[in-house]
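Colleague: The structure follows.
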Amino acid sequence: MAGCPIDPVKCKSTKSWDIRTGCNGIRALNGLKKAVIRAGLETLYFSGAHALMQPFVGGVGAILTLHHVRPRRADAFQPNQLLEVTPRFLESVVHRLRRARLDLISLDEMHRRLTERDFKRRFVCMTIDDGYRDTLQFAYPILKHNEVPFALYIPTSFPDRLGELWWRALEAVVAHNERIILMVDDRERGFDCATLDDKRHVYDQLYKWVRSFKTEDELRRVVRDLSARYRVDIAAFCEQLCMTWEELGRLAADPLVTIGAHTVNHVMLAKTPERQARAEMAMSRSVIEASLGVRPEHLSYPVGDPSSAGVREFRIAAELGFKTAVTTRPGVIFPEHAQHLTALPRISINGEHQQSRYIGVLLSGAATAMWNGFRRVDAA
Ligand SMILES: [Zn+2]
Numbered sequence: 002m003a004g005c006p007i008d009p010v011k012c013k014s015t016k017s018w019d020i021r022t023g024c025n026g027i028r029a030l031n032g033l034k035k036a037v038i039r040a041g042l043e044t045l046y047f048s049g050a051h052a053l054m055q056p057f058v059g060g061v062g063a064i065l066t067l068h069h070v071r072p073r074r075a076d077a078f079q080p081n082q083l084l085e086v087t088p089r090f091l092e093s094v095v096h097r098l099r100r101a102r103l104d105l106i107s108l109d110e111m112h113r114r115l116t117e118r119d120f121k122r123r124f125v126c127m128t129i130d131d132g133y134r135d136t137l138q139f140a141y142p143i144l145k146h147n148e149v150p151f152a153l154y155i156p157t158s159f160p161d162r163l164g165e166l167w168w169r170a171l172e173a174v175v176a177h178n179e180r181i182i183l184m185v186d187d188r189e190r191g192f193d194c195a196t197l198d199d200k201r202h203v204y205d206q207l208y209k210w211v212r213s214f215k216t217e218d219e220l221r222r223v224v225r226d227l228s229a230r231y232r233v234d235i236a237a238f239c240e241q242l243c244m245t246w247e248e249l250g251r252l253a254a255d256p257l258v259t260i261g262a263h264t265v266n267h268v269m270l271a272k273t274p275e276r277q278a279r280a281e282m283a284m285s286r287s288v289i290e291a292s293l294g295v296r297p298e299h300l301s302y303p304v305g306d307p308s309s310a311g312v313r314e315f316r317i318a319a320e321l322g323f324k325t326a327v328t329t330r331p332g333v334i335f336p337e338h339a340q341h342l343t344a345l346p347r348i349s350i351n352g353e354h355q356q357s358r359y360i361g362v363l364l365s366g367a368a369t370a371m372w373n374g375f376r377r378v379d380a381a
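Numbering-wise, the working numbering puts 142 at position 141 of the sequence shown, and it's gapless, one number per residue.
Here is the structure:
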């Protein structure tokens, strides 16, 4: 077999590629990256450096990102675990924010403060992406009880039951098979994924490979083919995991909840033609308005990293009249963001770092400042 078909760039040196040996370098690297992030947070926390850095890097507030909030599951193979936190952890985060005397505010109030330059008090906005049912089951009762306003960004194809949660389909294919065959550059390649270790590795590489495609269409085509071949019902994840319009309606009726747009098909906008990107943003707003009776004024770019949303998307969101739009670029909010309201950074509450003491470090802006090389606005 030739070099690693999944990651030919990093595995160039591997003449005869083998899933157990050929890519060990990358596997070790992934572990190292996580350890460095964790050690970085620990170092900042225990050294107290984040408290010293706060006046310089802490900005005027922060927007937090959540996806799933649900009790821990027993499955050993959970490659998407970084997208979920436990209800208990969310509760401890909320208590920590309250104790820190930060204002927990809505996106509209954040917009007002930024545009009127009202920076007397530091703020935090809570945002939840995708509209999973556990938002209603587990996150909402906690946020309601503590009177925390929050925004919910909905990709409209999810409640319409037409969405493709392709990352879940990929997970199911790897979870339920001991070996998978894949077409790579028109050639069939086989991957062993019998053990937990192999499953994690194959998933990681598959995920990186599909994310490296230039177009969203190509990614969808590969995941659809794989799902069909391994009998994974890609449409079933919406029904299983996402709220219906009726359930969303219950949340939308609460003044604590801001309903935001998250495109129709949860596409990486930068990987679609401009017309399509614009239609995805505009259509999702119209569909939400028609279904829930509220017109979203805030947007979240799906995936939200620089490969999914860039200058073109920031411009389109502004042209469409969204008051704010959020990315997943890590960072806190500075007064300068008033000039970049459709390119706002967020801090992800990552399921792999569920220690509430890390939240203080992240909110101090010290960790993200170090990751961003002390650049305050990243809107390019
Ligand atoms: Zn999303």
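Just so you know, even glycine gets a beta-carbon here, dropped at the ideal spot from N, CA and C. On a predicted model such as this, the values are computed, not experimentally measured, just so you know.
Can you tell which of Glu-172, Gly-305, Trp-167 and Gly-311 has its C-alpha closest to the C-alpha of Asp-130?
Modeller: Sequence index remark: in the sequence shown, residue 130 carries index 129 (1-based). If we check each option's Cα against that of Asp-130, Gly-305 comes out closest.
Colleague: Quick one: measure Cβ to Cβ for Ser-308 and Ala-271, integer angstroms, because I've assumed they're closer than 8 Å.
Modeller: Position 307 of the sequence shown, counted from the first residue, corresponds to residue 308. Position 270 of the sequence shown, counted from the first residue, corresponds to residue 271. Yes, Ser-308 and Ala-271 are in contact; Cβ-Cβ is about 6 Å, under 8 Å.
Colleague: If Thr-264 sits next to Pro-156, beta carbons under 8 Å apart, how far is it from one beta carbon to the other, in whole angstroms?
Modeller: Position 263 of the sequence shown, counted from the start, is the residue given in the question as residue 264. Position 155 of the sequence shown, counted from the start, is the residue given in the question as residue 156. Between Pro-156 and Thr-264 the Cβ distance is about 6 Å, and since that is below 8 Å, they are a contact.
Colleague: Just reading off the alpha helix (DSSP H) that Ser-309 is part of, what are its end residues?
Modeller: Sequence index remark: in the sequence shown, residue 309 carries index 308 (1-based). Where Ser-309 is concerned, there is no enclosing alpha helix (DSSP H), given that its DSSP letter is neither H nor E.
Colleague: What residues in its chain sit with their C-beta under 7 Å from that of Leu-98, if we drop five residues either side in the sequence?
Modeller: As a first step, residue 98 must be located in the sequence shown, where it is residue number 97. Same-chain partners within the cutoff: Leu-105 and Val-125.
Colleague: Counting by C-beta, which residues lie closer than 6 Å to a heavy atom of ligand 1, in chain order?
Modeller: Taken from the N-terminal end onward, the list reads Asp-130, Asp-131, His-263, His-267 and Pro-303.
Colleague: What is the DSSP secondary structure of Tyr-204, counted as helix, strand or coil?
Modeller: Locating residue 204 in the sequence shown gives position 203, counting from the first residue. Here Tyr-204 sits in helix by DSSP.
Colleague: Is it true that the CB of Leu-300 sits closer than 8 Å to the CB of Ala-318?
Modeller: The residue labelled residue 318 in the question sits at position 317 within the sequence shown. The residue labelled residue 300 in the question sits at position 299 within the sequence shown. Contact: yes.
Colleague: Kindly confirm or deny that the region 201-211 and the region 170-186 touch, where touching means at least three C-beta pairs closer than 8 Å.
Modeller: A contact exists between the region 201-211 and the region 170-186.
Colleague: In angstroms, rounded to a whole number, what distance separates the CA positions of Val-211 and Leu-91?
Modeller: Residue mapping note: residue 211 aligns to position 210 of the sequence shown, counting from 1. Residue mapping note: residue 91 aligns to position 90 of the sequence shown, counting from 1. Rounded to the nearest angstrom, the two C-alpha atoms are 31 Å apart.
Colleague: Does DSSP put Met-269 in a helix, in a strand, or in coil?
Modeller: Numbered from 1 along the sequence shown, position 268 holds the residue referred to as residue 269. DSSP places Met-269 in coil when its eight states are reduced to three.
Colleague: What runs of the alpha helix (DSSP H), each 4 residues or longer, lie entirely inside the region 91-164?
Modeller: Counting whole runs of 4 or more residues, the region 91-164 contains the alpha helix (DSSP H) stretches 108-117 and 141-146.
Colleague: Does the region 272-291 come into contact with the region 162-169, if we say contact requires no fewer than three beta-carbon pairs (one atom in each stretch) closer than 8 Å?
Modeller: Segments in contact, no.
Colleague: Rounded to whole angstroms, how far is the Cβ of Leu-242 from the Cβ of Tyr-133, which I believe are closer than 8 Å?
Modeller: Translated into the one-based positions of the sequence shown, residue 242 becomes position 241. Translated into the one-based positions of the sequence shown, residue 133 becomes position 132. About 5 Å; that satisfies the 8 Å criterion.
Colleague: When the Cβ atoms of the region 189-198 are set against those of the region 242-262, are three or more pairs found closer than 8 Å?
Modeller: The region 189-198 vs the region 242-262: no contact.
Colleague: Note down the Cα distance separating Glu-240 from Arg-162, rounded to an integer number of angstroms.
Modeller: Within the sequence shown, residue 240 is the residue found at index 239, counting from 1. Within the sequence shown, residue 162 is the residue found at index 161, counting from 1. Near 6 Å, if we compare the C-alpha coordinates of Arg-162 and Glu-240.
Colleague: Could you name the residues of the same chain whose beta carbon sits closer than 7 Å to that of Met-282, not counting the 5 residues immediately before and after it, in chain order?
Modeller: Position 281 of the sequence shown, counted from the start, is the residue given in the question as residue 282. Excluding residues within five positions, the ones whose Cβ falls inside 7 Å are Ala-262, Thr-264, Leu-300, Ile-317, Ala-318 and Leu-321.
Colleague: Three-state secondary structure (DSSP) at Gly-250?
Modeller: Here residue 250 is taken as the residue at index 249 of the sequence shown, counted from 1. In this structure, Gly-250 counts as helix in the three-state DSSP scheme.
Colleague: If you drop the 5 nearest sequence neighbours on each side, which residues of the same chain put their C-beta closer than 6 Å to that of Ile-235?
Modeller: Against the sequence shown, residue 235 aligns to sequence position 234. Glu-165, Ala-170 and Ser-228, listed in sequence order.
Colleague: Identify which residue in His-341, Leu-249, Ser-287 and Ala-280 has its Cα closest to the Cα of Gln-138.
Modeller: In the sequence shown, residue 138 corresponds to position 137, counting from 1. Selected option, being the one with the closest Cα: Leu-249.
Colleague: Return the CA-CA distance between Arg-377 and Gly-60, expressed in angstroms with no decimal places.
Modeller: Position 376 of the sequence shown holds residue 377. Position 59 of the sequence shown holds residue 60. About 9 Å.
Colleague: Grouping DSSP H, G and I as helix and E and B as strand, with all else coil, what is His-85?
Modeller: Counting from 1 along the sequence shown, the entry for residue 85 is found at position 84. For clarity, residue 85 is Glu in the given sequence; the question names His instead. DSSP places Glu-85 in strand when its eight states are reduced to three.
Colleague: Can you give me the C-alpha to C-alpha distance between Thr-369 and Arg-330, rounded to a whole angstrom?
Modeller: On the sequence shown, residue 369 is found 368 positions in, with the first residue counted as 1. On the sequence shown, residue 330 is found 329 positions in, with the first residue counted as 1. Rounded to the nearest angstrom, the two C-alpha atoms are 9 Å apart.
Colleague: Excluding sequence positions up to five away, which residues of its chain have a Cβ less than 7 Å from the Cβ of Arg-286?
Modeller: Your numbering for residue 286 matches position 285 in the sequence shown. Cβ neighbours of Arg-286 beyond the five flanking positions: Ala-262, Arg-296 and Pro-297.
Colleague: With DSSP run on the structure shown, which of helix, strand or coil describes Gly-366?
Modeller: The residue given as residue 366 occupies position 365 in the sequence shown. Coil at Gly-366, not helix or strand.
Colleague: Could you tell me the alpha carbon to alpha carbon distance between Arg-114 and Lys-215, rounded to whole angstroms?
Modeller: For the purposes of this step, residue 114 is identified with residue 113 of the sequence shown, where counting begins at 1. For the purposes of this step, residue 215 is identified with residue 214 of the sequence shown, where counting begins at 1. Roughly 38 Å separates the two Cα atoms.
Colleague: Write down the C-beta distance between Tyr-231 and Asn-178 rounded to the nearest angstrom, noting that I regard them as a contact closer than 8 Å.
Modeller: What you label residue 231 is simply residue 230 of the sequence shown in a count that begins at 1. What you label residue 178 is simply residue 177 of the sequence shown in a count that begins at 1. Between Asn-178 and Tyr-231 the Cβ distance is about 6 Å, and since that is below 8 Å, they are a contact.
Colleague: Roughly how many angstroms separate the alpha carbons of Ile-348 and Gly-311, rounded to a whole number?
Modeller: Position 347 of the sequence shown holds residue 348. Position 310 of the sequence shown holds residue 311. Taking the straight line from one Cα to the other gives about 18 Å.
Colleague: Would you kindly report the start and end of the unbroken alpha helix (DSSP H) that includes Leu-227?
Modeller: Taking the sequence shown and counting its residues from 1, one reaches residue 227 at position 226. That run of the alpha helix (DSSP H) goes 217-230.
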